[in-house]
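Below: the structure, in structure tokens.
In this note's numbering, the protein residues as written are 5 to 164.
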């Protein structure tokens, strides 16, 4: 009998920035999904495993936990990432095609890249908040990435 295990890698920069909220995130996975979670310092992975071997429901819970951790790593707030656990099959954490690099949209470098990201956010985040409220999505602008958590139906509307 073997237990299923998922690994979510972290870069060194991410592990230092996320250290403050990692306890709360791991507590939510343990309480809501009844899974084991740990941070492997040597391999820099967040490992999630199902303590009950060969459990069909456990594989779905593992996927939910992996999506939650991925959203957490992508710098979504813990409350927004928690929606992936609470809501059953309603939310989809960005497919690879939904995670856009601003450089892919338009070839920008240096100051032009930062101005484009600021334009997407708007003054004080107004543009981003408007998009989030109208399309019922959550958006994170981190470095040169645009990451979206949304329903399947509204992800096409909010695709940038």
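We put the CB at the ideal spot given by N, CA and C, even for glycine. Keep in mind that this is a model prediction, so the values were computed, not measured.
### Query
So, is residue 71 buried or exposed, given that buried needs 16 or more other C-beta atoms within 10 angstroms?
buried
### Task
State the DSSP-derived secondary structure class of residue 144, mapped to helix, strand or coil.
strand
### Query
Quick one: Cα of residue 80 to Cα of residue 28, how far?
The alpha-carbon separation between residue 80 and residue 28 amounts to approximately 14 angstroms.
#### Entry: Where the beta strand (DSSP E) through residue 43 begins and ends
Its beta strand (DSSP E) spans residues 40 to 44.
### Query
Hey, is the region 33 to 53 in contact with the region 113 to 120, meaning 3+ C-beta pairs nearer than 8 angstroms?
no
### Task
With DSSP as the reference, please indicate the residues paired to residue 10 in a beta bridge.
52
### Same chain, Cβ closer than 8 angstroms to residue 83, five either side skipped, listed in chain order
The beta carbon of residue 83 lies closer than 8 angstroms to none in the same chain, with the five residues before and after it left out.
#### Entry: Helix, strand or coil at residue 151 [DSSP, three-state]
Residue 151 falls in the strand class under three-state DSSP.
### Message
Between which residues of its own chain and residue 14 is the CB-CB distance below 6 angstroms, once the five residues before and five after are set aside?
### Response
Cβ contact annotation for residue 14 (same chain, cutoff 6 angstroms, sequence separation greater than five): 48, in chain order.
#### Entry: Reduced DSSP category for residue 96 - H, G, I as helix; E, B as strand; rest coil
Summary for residue 96: the model assigns pLDDT 48, below 50, so the residue's position carries little reliability, and this model does not support an answer.
#### Entry: 7 angstroms CB neighbourhood of residue 11 in its chain, flanking five on each side removed
49, 51
#### Entry: Under 8 angstroms between C-beta atoms of residue 69 and residue 37
Yes, Cβ-Cβ distance for residue 69 and residue 37 is below 8 angstroms.
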